[in-house]
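Structure first, commentary second.
Number of protein chains: 2
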Amino acid sequence: MSQPLFERLTLVGIGLIGSSIARAARRDDLAREIVISTRRPETLARAAELGLGDRYVLDPCEAVRGADCVIVSIPVGASAAMAEAIAPGLKPGAIVSDVGSVKQSVVDQMQPHLPAGVHFVPAHPLAGTEHSGPEAGFPSLFENRWCILTPVEGSDPEAVERLKAFWVGMGSKVELMDPKHHDMVLAITSHIPHLIAYNIVGTAENLGAVTKSEVIKFSASGFRDFTRIAASDPTMWRDVFLHNKDAVIEMLGRFVEDLFQLQHAIRFGEGDMLFHHFTRTREIRRAIIDAGQDTAAPDFGRGGTKPAAE
Amino acid sequence: MSQPLFERLTLVGIGLIGSSIARAARRDDLAREIVISTRRPETLARAAELGLGDRYVLDPCEAVRGADCVIVSIPVGASAAMAEAIAPGLKPGAIVSDVGSVKQSVVDQMQPHLPAGVHFVPAHPLAGTEHSGPEAGFPSLFENRWCILTPVEGSDPEAVERLKAFWVGMGSKVELMDPKHHDMVLAITSHIPHLIAYNIVGTAENLGAVTKSEVIKFSASGFRDFTRIAASDPTMWRDVFLHNKDAVIEMLGRFVEDLFQLQHAIRFGEGDMLFHHFTRTREIRRAIIDAGQDTAAPDFGRGGTKPAAE
Chain A
1 MSQPLFERLT
11 LVGIGLIGSS
21 IARAARRDDL
31 AREIVISTRR
41 PETLARAAEL
51 GLGDRYVLDP
61 CEAVRGADCV
71 IVSIPVGASA
81 AMAEAIAPGL
91 KPGAIVSDVG
101 SVKQSVVDQM
111 QPHLPAGVHF
121 VPAHPLAGTE
131 HSGPEAGFPS
141 LFENRWCILT
151 PVEGSDPEAV
161 ERLKAFWVGM
171 GSKVELMDPK
181 HHDMVLAITS
191 HIPHLIAYNI
201 VGTAENLGAV
211 TKSEVIKFSA
221 SGFRDFTRIA
231 ASDPTMWRDV
241 FLHNKDAVIE
251 MLGRFVEDLF
261 QLQHAIRFGE
271 GDMLFHHFTR
281 TREIRRAIID
291 AGQDTAAPDF
301 GRGGTKPAAE
Chain B
1001 MSQPLFERLT
1011 LVGIGLIGSS
1021 IARAARRDDL
1031 AREIVISTRR
1041 PETLARAAEL
1051 GLGDRYVLDP
1061 CEAVRGADCV
1071 IVSIPVGASA
1081 AMAEAIAPGL
1091 KPGAIVSDVG
1101 SVKQSVVDQM
1111 QPHLPAGVHF
1121 VPAHPLAGTE
1131 HSGPEAGFPS
1141 LFENRWCILT
1151 PVEGSDPEAV
1161 ERLKAFWVGM
1171 GSKVELMDPK
1181 HHDMVLAITS
1191 HIPHLIAYNI
1201 VGTAENLGAV
1211 TKSEVIKFSA
1221 SGFRDFTRIA
1231 ASDPTMWRDV
1241 FLHNKDAVIE
1251 MLGRFVEDLF
1261 QLQHAIRFGE
1271 GDMLFHHFTR
1281 TREIRRAIID
1291 AGQDTAAPDF
1301 GRGGTKPAAE
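Chains A and B, in that order, give the protein sequences.
The first sequence begins at 1 in the numbering used here and counts up one residue at a time.
The second sequence begins at 1001 in the numbering used here and counts up one residue at a time.
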């Protein structure tokens, strides 16, 4: 691209996602200038040490001045306050976006504060790792991953196209979706999996008959798979659950209802029901691999497991 | 080792685990002769094609004749019938072991059928992948993984030592445990994780508001982690749940109790409780990595995810 997509890109929040955007946008020459802002001075200093941007500005309202694109990458619960804080600095015609895992709540929180003439296009890149902070980011994080845009009523189609081009430029595949539908889809594909992973890891810590050290020692038999996503950022996930409450509680109800069916089958020795269920779920794994959404390598291709220090 | 540990090793069942034992025992020269038996003639022929043993014998009773070690690697629900079938062929002094994921039930099923003078030492290697069948095995499967032996009353200490040496010879770390305690430990570290993975994958298939193709498409945001273990062998896992019923139902009760606490916190906006819980679970992940039980690489070090075919 001879001409960068944006003259000035301001990234507010520079954790795993924000810093990966900074790295990918730089690598792919998507912005002439990258301005970085974040709440804590230490984190901003760290971003500067890592050379993630061109300018580092603590005050978000100052940071967004003159930017033609602003991407807010913060816990979703802080969205309203951030929209209010940056609003006076936004230039007319600027695109404002985010990366939150919940969309309707972000719309409700941010939209009322944004001035007319600013184009609000909420976004959610389905990418991440269990690590957090500016060091955790890397430029290929979004490659071949979906980014869902949830334009709101009155979103300027041209602004949506520019933001789409930005995500495609970083290697993502882009899908448009209604914010409420997004929240339902993510409740089952992401929020409930995280919640039950967090939950079983907690349950395992509180058992009388089995010690925590036994759980850790013998975790490779299944449990360890859950601990990865249960190591995700606590602030981010607290906010996800609080801000997607209805969809999460709805999906959780279905999950528990289904779990009781399996429990019933176990209690009454209904082997055929279990066998049939476990055969169906195997097919979904195959479909996910066929769709390029996971590796086919056994055990996720984990090769790097070190021998235990004994 | 100049002298193999066993003169004749008979492997009854040649799936993922049995075939990995065959490969590792050959590689590490742990048996002079390896005899393979399995229920289906096609599978036995496949084992012969793969060159997994020295002799291939369909009738398990014939296969175990003259063996100084017999390892049964079959779904745990078939243990009683198999013990009865092989009993007449076992030579005095032979070690009989298994690899089942449940131990008390295997003891109850097999012990009554085994003749006096045969040493029964149940075992459970905590190793596997989501794949099954003789092609799925590989010789390094047990390296740096735990193998739990659950000797029963009257187990000959020398037989326990020899079986321990066999597993250590294949690269495992060995732990002795009471069968009932094993079943509790595995209920939380393995059986419940598998059950809830199977369950959420089922729940995701039955939603009205979110389509199955959306679940597959957007699975990388958490869900796909669960589909791996929900792709495990259906027969094996049916039997695990049916034969560790009490421990599974007990642990499931605790899991659901804890889940309702999280649901309550979400419903009533108790952010501090959620944050505190999610911080504790992060520490367990760290402990598991420190114990060498998982890779520290982000996202399990998944590198092989192919771009989606679009």
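Every residue gets a Cβ at the ideal spot worked out from N, C-alpha and C, and that includes glycine.
Because the structure is a prediction, the values reported are computed rather than measured.
Collapsing the DSSP output to three states places residue 166/A in a helix. At least 8 Å separates the CB of residue 50/A from every CB of chain B. Taking C-beta atoms under 8 Å as the contact rule, residue 147/A and residue 182/A fail to qualify, at a distance of about 11 Å. Closer than 8 Å to the CB of residue 277/A there is at least one CB belonging to chain B. The residue among 1100/B, 1152/B, 1136/B with its C-alpha nearest the C-alpha of residue 1114/B is 1152/B. In the DSSP secondary-structure assignment, residue 146/A is bridged to 173/A. Non-local C-beta neighbours of residue 187/A in its own chain, meaning closer than 8 Å and more than five positions away in sequence, comprise 244, 247, 248, 250, 251, ordered along the chain. With at least 16 other beta carbons inside 10 angstroms of its own, residue 277/A counts as buried. Around residue 288/A, the same chain offers 294 as residues with beta carbons nearer than 6 Å, after the five sequence neighbours per side are excluded.
Nearest to residue 271/A by C-alpha distance, out of 1282/B, 1235/B, 1172/B, 1271/B, is 1235/B. Remark: fewer than three beta-carbon pairs, one from each stretch, lie closer than 8 Å, so the region 1160–1170 of chain B and the region 1216–1232 of chain B are not flagged as touching. Taking a Cβ-Cβ cut-off of 7 Å, the neighbours of residue 1234/B in chain A comprise 275, 278, 279, 282, given in sequence order. By the neighbour-count definition (other C-beta atoms within 10 Å, threshold 16), residue 3/A is an exposed residue. Taking C-beta atoms as the reference points, residue 100/A and residue 20/A fail to come closer than 8 Å.
Counting the other CB atoms within 10 Å of its CB gives residue 218/A a total of 16 or more, which places it among the buried residues.
With a contact defined as Cβ atoms closer than 8 Å, residue 34/A and residue 64/A miss out at about 13 Å. Residue 97/A has 71/A as its beta-bridge partners, per DSSP.
Excluding the 5 residues flanking it on each side, residue 88/A has same chain C-beta neighbours closer than 6 Å at 61, in chain order. For residue 271/A, the C-beta contacts it makes with chain B under 7 Å involve 1238, 1242, in order along the chain. For residue 92/A against residue 117/A, the beta-carbon gap comes to about 4 Å, under 8 Å, which counts as contact. If you ignore the 5 residues before and after residue 1098/B, its C-beta comes within less than 6 Å of the C-beta of 1072, 1106, 1122, all in its own chain and listed in chain order. By the rule that beta-carbons nearer than 8 Å mark a contact, residue 1062/B does not touch chain A. Counting only runs of at least 4 residues, the region 216–272 of chain A fully encloses the following alpha helix (DSSP H) elements, listed from N- to C-terminal order: 223–229, 234–243, 245–267.
Measuring C-alpha to C-alpha distances from residue 1012/B to each of 1029/B, 1027/B, 1041/B, 1028/B identifies 1041/B as the nearest. Shortest Cα-Cα distance from residue 1189/B to any of 1130/B, 1094/B, 1079/B, 1126/B involves 1126/B. The Cβ of residue 224/A sits closer than 8 Å to at least one Cβ of chain B. Chain-order list of chain A residues neighbouring residue 1221/B: 126, 186, 189, 190, by C-beta distance under 7 Å. Annotation note: the region 1076–1143 of chain B contains the following uninterrupted alpha helix (DSSP H) runs of length 4 or greater, listed N- to C-terminal: 1079–1086, 1104–1110. For residue 193/A, the nearest CB of chain B lies under 8 Å from its own CB, placing it at the interface with that chain. Around the beta carbon of residue 79/A, 16 or more other beta carbons lie within 10 angstroms, which makes this residue buried. Annotation: the continuous beta strand (DSSP E) that includes residue 1035/B extends over 1031–1037.
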